[in-house]
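Written below as structure tokens is the structure these notes are about.
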Amino acid sequence: MTLLPDTLCYLNGDYTPLNEAKISVLDRGFIFGDGVYDVAPVYGGRLFRFDEHMARLARGLAKIRIPNPHSREEWLARCRHLMAALKDKTGAEDQVVYVQVSRGVALRDHVMPAEVTPTVFMMASAMKPPSAEQRHAGVSCITARDFRWERGDIKSTSLLGNVLARQISADHGALETIMFRDGWLTEAAASNVWIVHEGALLGPPKSEHLLEGIRYDLFKELCEDVGIAYNLRPISEADVRAADEVLLSSATKEVLPVTRIDGEAVGHGAGRGKPGPVYARLHEAYQRAKAAQSF
């Protein structure tokens with residue numbers, strides 16, 4: 002039996018130890034996965050891209066018709082309270098803050114109930130950044146058909162499809178599962194996927210089939226800063242396999258080089274199977290962006 006940590010969490014107006022927090026078994030987040038979530042990174046005790054994360058949370062809530070239960074200032078205050086509590090208890094300054102809003106408690110019925118109070122849950126945990134070895138040597142990925150539902154743009158707590166996809170890579174000793182829908186790249190189980198072609202960073206266009214990661218706009222800014230061409234366009238499976246570089250991005254992975262896909266080395270020539278120059282420049286730019294955060 003895995004014991005939950007006794008770090009502080011927030012649940013419906015109260016701060017309580019995580020191992021004591023309880024919700025109703027009729028909460029629609031538990032019954033249906035009827036809710037959305039977001040994960041905001043914290044570096045040196047400061048939230049990174051907080052407004053962008055809260056904007057995405059608000060978009061998700063609007064898409065599934067849940068009223069946003071808190072203002073920006075209220076979300077920020079609760080995040081900071083949890084961050085401070087975790088730092089006091091563990092000393093961790095680099096953290097991730099998890100925010101989840103479900104529709105609330107109601108008798109089980111697929112129809113969205115009216116006038117139900119949303120359930121709000123938040124917790125902070127220590128950041129587990131990519132290892133030095135992962136950054137130096139790159140990571141391996143597996144590919145699979147994207148068998149998930151059509152609304153990948155909603156950061157839903159209904160994550161069974163992503164769990165199954167991520168388990169494929171775990172079963173093969175790989176870090177991620179890169180997915181294709183009808184032969185076109187969407188994303189990985191818990192990451193966005195990018196390729197490098199002739200020095201340009203390319204990503205799949207924003208659509209309902211994939212989650213618009215916060216790094217979409219961040220990478221555009223970083224590329225402008227360091228002089229890397231940036232473009233969003235449909236990317237075929239053949240494009241991925243022929244790419245000069247392949248990268249993963251997420252709140253916790255930041256930016257990571259993929260050096261093997263389905264057992265085959267990524268890239269060409271002397272750089273085959275090694276992290277490439279575009280990754281190196283983006284990684285350095287990312288570190289500078291982290292140092293310049295303001296919350």
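Here my numbering runs 1 ahead of the position in the sequence shown, where the first position is 1.
Just so it is clear, CB atoms sit at the ideal spot from N, CA and C, and this is done for glycine as well.
May I have the straight-line CA-CA distance separating residue i from residue j, to the nearest angstrom?
i: Gly184; j: Asp95; result: 38 Å
i: Ala63; j: Thr158; result: 15 Å
i: Val247; j: Leu202; result: 9 Å
i: Met2; j: Val121; result: Legend: pLDDT at Met2 = 48, less than 50; position of this residue unreliable, no value from coordinates given.
i: Pro18; j: Arg60; result: 29 Å
i: Trp150; j: Glu209; result: 10 Å
i: Asp240; j: Pro130; result: 29 Å
i: Ser192; j: Val259; result: 12 Å
i: Gly30; j: Lys88; result: 29 Å
i: Ala290; j: Leu161; result: 33 Å
i: Val98; j: Trp76; result: 11 Å
i: Ala292; j: Leu9; result: 27 Å
i: Tyr16; j: Met124; result: 10 Å
Considering only residues of the same chain and omitting the five flanking positions on each side of residue i, which have a CB-CB separation below 8 Å?
i: Arg1; result: Given a span of 2 to 296 for the chain in the structure shown, any question on residue 1 remains unanswerable.
i: Arg167; result: Glu177, Thr178, Ala190, Ala191
What three-state label does DSSP hand residue i in the structure shown?
i: Gly36; result: strand
i: Gly30; result: helix
i: Met55; result: helix
i: Pro42; result: strand
i: Asn69; result: coil
i: Arg261; result: strand
i: His210; result: coil
i: Glu255; result: strand
i: Arg136; result: helix
i: Leu230; result: At residue 230 the sequence reads Ala, which differs from the Leu that was named. Coil at Ala230, not helix or strand.
Measuring alpha carbon to alpha carbon, tell me which residue in the options is nearest residue i.
i: Leu283; options: Ala244, Ala191, Gly274, Ala230; result: Ala230
i: Met113; options: Arg136, Pro68, Ala93, Cys80; result: Pro68
i: Gly14; options: Leu48, Pro42, His82, Val43; result: His82
i: Ala233; options: Pro205, Glu213, Gly34; result: Just to set this straight, residue 233 is Leu in the shown sequence, not Ala. Looking at the Cα atoms, Pro205 is the closest of the given residues.
i: Ala281; options: Ala239, Ala243, Leu223; result: Leu223
i: Ser132; options: Val279, Thr253, Gly264; result: Thr253
i: Leu249; options: Gly270, Ala190, Cys10; result: Ala190
i: His198; options: Met123, Gly277, Cys80; result: Gly277
i: Arg152; options: Glu188, Glu75, Ala138; result: Glu188
i: Ile155; options: Leu58, Asp110, Ala138, Lys221; result: Leu58
i: Glu134; options: Leu257, Ser126, Ile32; result: Leu257
i: Thr91; options: Pro6, Ala115, Gly214, Glu265; result: Pro6
i: Gln288; options: Ala107, Glu255, Gly36, Lys275; result: Glu255
i: Arg146; options: Val40, Phe181, Leu165, Met128; result: Phe181
Ordered along the chain, which non-local residues of its own chain (more than five positions away) have a Cβ less than 7 Å from that of residue i?
i: Ala176; result: For the record, residue 176 in the displayed sequence is Leu; it is not Ala. Result list for Leu176: Val140, Ser141, Cys142, Ser170, in chain order.
i: Asp226; result: Ala286
i: Ala244; result: Ile196, Val197, His198, Val267
i: Val37; result: Leu58, Gly61, Leu62, Ile65, Val102, Ile155, Lys156, Ser157, Thr158
In its own chain, which residues sit with a C-beta less than 6 Å from the C-beta of residue i, not counting the 5 before and 5 after it?
i: Pro70; result: Pro119, Val121
Review point. For the region 75-116, which segments carrying the beta strand (DSSP E) assignment without a break, of at least 3 residues, lie completely within its bounds, in sequence order?
Key: Note on the region 75-116: whole beta strand (DSSP E) runs with a minimum of 3 residues are 96-103, in chain order.
Exercise for review: Can you check the region 155-190 for any alpha helix (DSSP H) of at least 4 residues that lies completely inside it and give the ranges in chain order?
Suggested key: The DSSP assignment places complete alpha helix (DSSP H) segments of no fewer than 4 residues inside the region 155-190 at 161-172, in order along the chain.
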